[in-house]
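Going down the list, the sequences are from chains A and B.
In this text, residue positions in the first sequence follow the numbering used here: the first is 20, and each later residue adds one.
In this text, residue positions in the second sequence follow the numbering used here: the first is 65, and each later residue adds one.
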Amino acid sequence: MTSTTLLPTRRAAVSLAGVTKNFGSVPAVRGIDLEIHPGEVVAFLGPNGAGKTTTIDMILGLSQPTSGEVRVLGLTPRHAIARGLVSAVMQTGGLLKDLTVAETIAYTASLFADTRPVAEVLDTAGITAIANRKVAKCSGGEQQRLRFAMALLSNPALLLLDEPTTGMDVEGRRAFWSSIRRDAATGRTVLFATHYLEEADAYADRIVLISQGRIVADGSGAQIKALASGRTIRACVHDVDTAAIASIAGVDSVNLAGDQLTVHAGDSDAVARYLLNQTDAADLEIVTKGIEEAFLRLTGSNDKTDGNLR
Amino acid sequence: MTTTTERPADHFDPDTRRVPPMGGFNATMLGIELRRMLRNRRTIIFTLVFPIALFLAFGSQDGWDTSVGRGNVAAYVMVSMAFYGAALTAAAAGAMVAVERAQGWSRQLRLTPLSPTAYIATKALLALTLGALAIVVVNLAGVIQGRASMDAGVWVASALLTLVCTLVFAALGVFVGYLVPSENAMQILGPGLALFAFLGNVFIPITQGTLMWHIASFTPMFGVAEISRSVLTDDLPWYAVLNAMVWLAIFVAGAAWRMSRDTARV
């Protein structure tokens, strides 16, 4: 087999190729291509119903794509899970109320070929003191720490978090993310879904913006925020050097479709000056937008999905 | 602190990872599952105390010493009640999947190496262990009461046969556990199994050949109950075996079908 020549470090932590998922005749994911590199902390950002959870379910092997291929460290999701390479922390459920904390950890650990020692995991998660407490008697925060401990038992290469901080207060949120960042420093790949731009920006190396089952933007927090801030300049141009525009300070993106030019820039004046002086630009318009508005535009959620933000 | 215990990143290399043997099936999990069941007071009362009470009530009627096959009526009632208790216990063990699904545990298990086969094997072994407990308890009650009479060989063979027969109801428990989307599966199974027990010749003998008997012969407890008593009665009619096989197939197929479609998110 030739695949043995592939170096482990070259393997994508997650690789999605042309992935779609329909529920009946309703498309939830409409074609996602994505490669996540080992050690990256990536945020799936998008409004409710964008397809984040559906995509995560496919990466976890809980559902099969309608078309396309999902690979986790070069393996099918099921094979990766059987080797303890993938874990997930869900926001609710996933615990048996009539087990104790220690029993839950011991039970989960017994299912893997190799795990970190149970005592060590309890200690790391700060739940040694409540080891003999029934899960039903644990607070929401304690249950979340238990879920986290379970997820880290097998020392997974990839950790998936679906809306991990829902219901946490500000302090809990900060503590949670600082432990995730510390953990990611060991080289673990982390993929989390959120619909908060701020959370994605503060804690992810890379933000993948998803809307209506597609990736609409992919970049660092700064790049996504630039997309979401500044101004948009549109004009009708027949003869234009897009590279020259792109080199203007403050320009984030340049797009030419036919004779319709669209430029995103922090400094719209410089672009407008260039267009009017150096090209045959006509019908020039400059649109300002706030972060929320831009985010909504990018994610296409300016319809019914998030009525309160309209 | 955490830093001393972190593994190097090369531990994330898939080639260094092993898959657990036997699909993740192991004694630790089985032990914890067993402890869980035994901690549940309702399970203990319905599956252990209730059949003993029934045996003591039915097994003390007039004519308890009348000869039946290779034993007496008291022995016949004892085997029947042991079977009923074991079936109830096994169904309760199977129906635990309803609780596990409601709490999102089934979904959590799907994020571990545990294979569906290993999961079923665990549930089956658990049902058998608890069924054995129910059988032992009723048989002990029989020994202490002192009226049941049959050869030791017949006694042991009946108990073992009863144990195998309870698997039919473990499958039913799993099936119902998947059908009922809540923690109320046992509230359906409890009365349901009592009804089947009446119809299936477990509580009260139904006169052979009557219309009632013909209806009864199609119900799910009829066949397995006949089989579990067959060593004692020295009689194993073909229709009892057919009944048991068909119902086992229905319950196993139903459980497998529901399980394969279980994609519920909690």
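For each residue, glycine too, the CB sits at the ideal point set by N, CA and C.
Keep in mind the model is a prediction, meaning the values are calculated, not measured.
In terms of beta-carbon proximity, B/MET93 lines the interface with chain A, with at least one pair separated by less than 8 Å.
Boundaries of the beta strand (DSSP E) around A/ASP271: 270-276.
Counting only Cβ-Cβ distances below 7 Å, B/TRP321 has no contacts in chain A at all, with the closest Cβ about 18 Å away. Under the 8 Å criterion on CB atoms, A/PRO57 is classed as interfacial with respect to chain B. Under the three-state reduction of DSSP, A/CYS255 is assigned to strand. Counting along the chain, A/ILE234 sits inside the beta strand (DSSP E) bounded by residues 233-238. Not flagged as an interface residue toward chain B: A/ARG253, since no C-beta distance is shorter than 8 Å.
For the stretch 235-259 of chain B, no residue has a beta-carbon sitting nearer than 7 Å to a beta-carbon of chain A. DSSP, read as helix, strand or coil, puts B/ILE268 in coil.
Between B/ALA191 and B/PHE315, the beta carbon gap of about 12 Å keeps them out of contact (Cβ cut-off 8 Å). The criterion of a C-beta distance shorter than 8 Å is not satisfied by B/VAL200 and B/SER292. Ranked by Cα distance from A/GLU59, the options A/THR205, A/LEU294 and A/GLY37 are led by A/THR205. Within its own chain, the residues whose Cβ lies closer than 7 Å to the Cβ of A/ALA289, once the five positions on either side in sequence are excluded, are ILE267, ALA268 and GLY269, listed in chain order.
For the 8 Å CB-CB criterion, A/ILE226 and A/GLY240 form a contact. Per DSSP, the beta-bridge partners of A/ASP181 are A/ALA212. B/PHE76 has a beta carbon lying within less than 8 Å of a beta carbon in chain A.
Collapsing the DSSP output to three states places A/ASP220 in a helix. In this structure the stretch 140-157 of chain A lies against the stretch 115-132 of chain A, because at least three pairs of beta carbons, one per stretch, are closer than 8 Å.
Within the DSSP bridge table, the entry for A/PHE63 names A/ALA212 and A/VAL227 as partners. A residue is called buried once 16 or more other Cβ atoms fall within 10 Å of its Cβ, and A/TYR293 is buried on that count.
For B/TYR140, the closest of B/ALA159, B/LEU197, B/ARG106 and B/ALA223 by C-alpha to C-alpha distance is B/ALA223.
From the listed residues A/ASP133, A/SER158, A/PHE167 and A/TYR222, the smallest Cα separation to A/ARG102 is found for A/ASP133. Each of B/GLN172, B/ARG171 and B/THR226 was checked against the Cα of B/ALA196, and the nearest Cα belongs to B/THR226.
Distance from the CA atom of A/ASP260 to the CA atom of A/ALA276, rounded to whole angstroms, is 13 Å. Note that the C-beta distance between A/VAL89 and A/VAL105 is not below 8 Å.
The beta-carbon separation of A/ALA284 and A/ALA254, rounded to 12 Å, does not stay under the 8 Å limit for a contact. Contact note: B/ARG82 reaches chain A through ARG102, ALA132 and ASP133, using a C-beta cutoff of 8 Å and chain order. Across the stretch 163-197 of chain A, CB contacts with chain B closer than 7 Å involve ASN174 and ALA176, in sequence order along the chain. In the structure shown, A/GLY249 adopts coil according to DSSP, grouped into three states. Between A/THR85 and chain B, the shortest Cβ-Cβ separation is not below 8 Å.
Contact annotation: B/TRP302 and B/PRO284 have beta-carbon atoms that are not nearer than 8 Å. Selection A/ALA263, A/THR73 and A/ILE234 evaluated against A/ASN41 yields A/THR73 as nearest (Cα-Cα). Inter-residue distance for A/SER173 and A/THR95 is about 18 Å (C-alpha atoms, whole angstroms). Secondary structure of B/SER292 (DSSP, three-state): helix. By the criterion of at least three beta-carbon pairs nearer than 8 Å, the stretch 63-80 of chain A is in contact with the stretch 201-221 of chain A. Under the 8 Å Cβ criterion, the stretch 176-185 of chain A does not count as touching the stretch 132-146 of chain A, having fewer than three qualifying pairs.
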